Amino acid sequence: MDHKLDIDIPFPSAELATIAMRVLSVDRELKTDQVQRTMECDNALLKIHFKSVSAKMLRVSSNSLLEMLLMVTRTMDQFAEQSYIFVLIIVINLELEGGGPCRTCWSGILIMLRSMVTRARWMTPHNIRLGPQTYAYIMAPMVRPRHPHTCRILSTSTDNTTTTTNSTDNNMTSIQQQHLDRSTKYKPIRSPSASELPKLYKELVKAKLAGLVALTAMCGYAMAPGVTDLSTLLYTTVGTGLCISSANAINQWIEVPYDAQMLRTRNRVLGRRQLSQAHAFGFGVLTGTTGVGMLATMVNPLTAVLGLSNILLYTCVYTPMKRASIANTWAGAVVGAIPPMMGWTAVTNELMDPGCWVMGAILYAWQFPHFNALAWNLRADYSKAGYRMMSVTDPKLNARVSLRYSLAMVPLCLAVPYLDLTSWWFALDSTVVNAGLIYGAIQFWRSSNEKTGRQLFFGSVIHLPVLLALMMVHKTYNNKTTDDDQEDVAAIQDQGSDTTQPLLA
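Encoded structure:
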């Protein structure tokens with residue numbers, strides 16, 4: 001039994017409609033002897049007419065049509081960067097043989113919807129259900145569309161009967177209509193309750209990452225020469241954590257439209273719309289101000305300047321560079337190198353100490369094998385969002401840089417006992433630990449794949465805490481400042497006793 005099918009698909013511009021028609025015109029499954037169809041563009045409206053199509057080929061053609069539209073959508077970067085609303089509503093009301101609804105390829109529809117979400121910065125509402133006689137929305141966050149575009153299968157007809165969408169719409173029960181209205185109705189952002197805020201803030205500031213950064217600051221504090229006390233350590237750790245929390249929150253606020261395009265980040269707090277963007281930005285400014293103020297008043301101004309510069313470097317330099325140049329990786333490594341230097345300056349109030357720069361250099365070099373291995377497995381997401389990473393633009397360079405800086409960890413760790421910060425046993429232990437990192441980097445350099453990238457990434461996660469722990473275990477630096485002060489006090493006492501002796505005589 002042959003069928004006829006008319007489809008009208010509006011696009012936001014005539015250019016996109018023309019490109020869609022060109023792509024669809026070369027599709028093999030839509031261009032066969034069993035499928036007779038015609039296409040024409042009326043400004044931004046693409047009209048497709050299928051005639052004399054079997055039920056089986058109709059399903060194949062519908063699936064192929066969705067996949068080709070998916071391809072068109074994913075190639076239109078310029079439209080994804082626009083700020084207009086493009087809401088796609090798919091209404092399928094097919095009644096084929098026996099008057100029953102046709103089971104089309106819903107997986108193809110889901111793929112297309114997911115692509116439109118991730119490519120054009122839109123997001124799907126919760127509790128979305130796809131099936132016959134239902135709608136599927138892709139809505140722009142925090143914007144209510146007044147005139148959404150509609151992609152609708154207008155009618156299907158057979159040789160014996162002709163049915164339209166109106167006839168099937170009338171058959172929808174009131175319960176189905178209520179569920180449809182409830183699942184697709186636009187809802188504004190709900191203000192989170194007080195009990196929900198701690199969990200949302202924890203996700204917003206990337207608490208695990210902030211904790212690791214604070215750990216490096218504590219290590220820098222512990223390795224620095226000078227008088228240390230628990231209160232200063234506490235203020236340094238909390239202040240550094242607040243600074244990195246501020247940078248992470250503002251970074252998520254900046255990258256909301258790009259996070260929505262990546263599988264790894266599209267379910268973040270702002271992507272789920274559990275916090276408004278103004279709320280997230282305000283929280284980032286508040287934590288940054290608190291962190292810098294705490295460091296300035298309770299530690300020293302130099303550490304506060306480093307904390308402020310780290311926030312600005314992360315949000316104003318590294319974040320924009322991610323979409324401009326692969327040099328963003330080197331800028332991001334500087335951001336990771338500053339926290340241990342903040343711990344060092346919290347004790348010494350000196351930035352030009354060689355030990356301070358060695359601590360920063362170790363963290364700087366460690367980040368390349370760590371991040372490049374992660375970026376390799378995420379290169380598809382980075383490419384989709386338009387991030388210029390070495391793993392996307394030059395995979396071989398990505399592996400070489402990982403190996404290069406893994407090898408640099410050896411001389412940097414040898415510089416630590418050379419500066420008399422640790423015993424020479426640390427040189428031996430660190431060489432063993434670095435050998436494991438280098439082995440993973442060599443395997444990643446020889447054959448860059450998901451397995452070697454994952455091994456190098458998790459190896460680097462284990463490597464850093466072990467290395468910092470060994471550094472503190474083998475620390476041999478005596479508090480020379482305290483010893484010098486004690487010698488000065490003893491000298492003064494001796495001098496005083498010498499001057500008072502004749503008077504007593």
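Note that this note's numbering has the sequence shown beginning at 1, numbered continuously upward. Even for Gly, the Cβ is constructed at its ideal location relative to N, Cα and C. These numbers were taken from a predicted model, which means no experiment stands behind them.
In the DSSP assignment, what residue or residues form a beta bridge with residue 40? 47
Let me check one thing: in DSSP terms, what residues is residue 240 bridge-paired to? Bridge partners of residue 240: none, in fact.
Report the rounded CA-to-CA distance for residue 246 versus residue 206, giving the unit in angstroms. 10 Å
Among residues of its own chain, excluding the 5 on either side of residue 437, which ones have a beta-carbon nearer than 7 Å to its beta-carbon? 369, 406, 409, 459, 460, 463
Which of helix, strand or coil DSSP assigns to residue 206: coil
Can you give the Cα-Cα distance for residue 89 and residue 384, rounded to whole angstroms? Any answer about residue 89 is weak, because its pLDDT of 32 lies below 50 and its placement is not dependable; what the coordinates show is given next. When rounded, the distance between both Cα atoms is 23 Å.
Check whether the Cβ atoms of residue 251 and residue 302 lie closer than 8 Å to each other. no
Where residue 455 and residue 48 are concerned, what is the direct C-alpha to C-alpha distance, given to the nearest angstrom? 50 Å
State the DSSP-derived secondary structure class of residue 191, mapped to helix, strand or coil. coil
State the beta-bridge partners of residue 422 as determined by DSSP. 475
C-alpha distance - residue 339 paired with residue 213, whole-angstrom precision: 7 Å
Can the beta-carbon of residue 433 be found closer than 8 Å to that of residue 426? no
Start-end ranges of the alpha helix (DSSP H) lying completely within the stretch 229-296, minimum 4 residues: 230-254, 256-259
Residue 474 to residue 468, Cα distance in whole Å? 10 Å
How would you call residue 525, buried or exposed, if buried means at least 16 neighbouring beta carbons within 10 angstroms? Only positions 1 to 505 of the chain appear in this structure, which leaves residue 525 out of reach.
Smallest Cα separation from residue 344: which of 43, 225, 449? 225
Relative to the C-alpha of residue 402, which candidate in 271, 330, 318 has its C-alpha closest? 330
Run the CB neighbour count on residue 287, radius 10 Å, all protein chains shown included, and call it buried at 16 or more, exposed below. buried
Can you give me the C-alpha to C-alpha distance between residue 14 and residue 271, rounded to a whole angstrom? 30 Å
Could you check where the alpha helix (DSSP H) with residue 305 kicks off and where it finishes? 301-312
Between 299, 337, 38, 217, which has its C-alpha nearest residue 472's C-alpha? 217
What does a CB cutoff of less than 8 Å around residue 377 pick up in its chain, not counting 5 residues either side in sequence? 450, 453, 454, 457
Whose CA, out of 398, 315, 280, 238, lies closest to the CA of residue 441? 398
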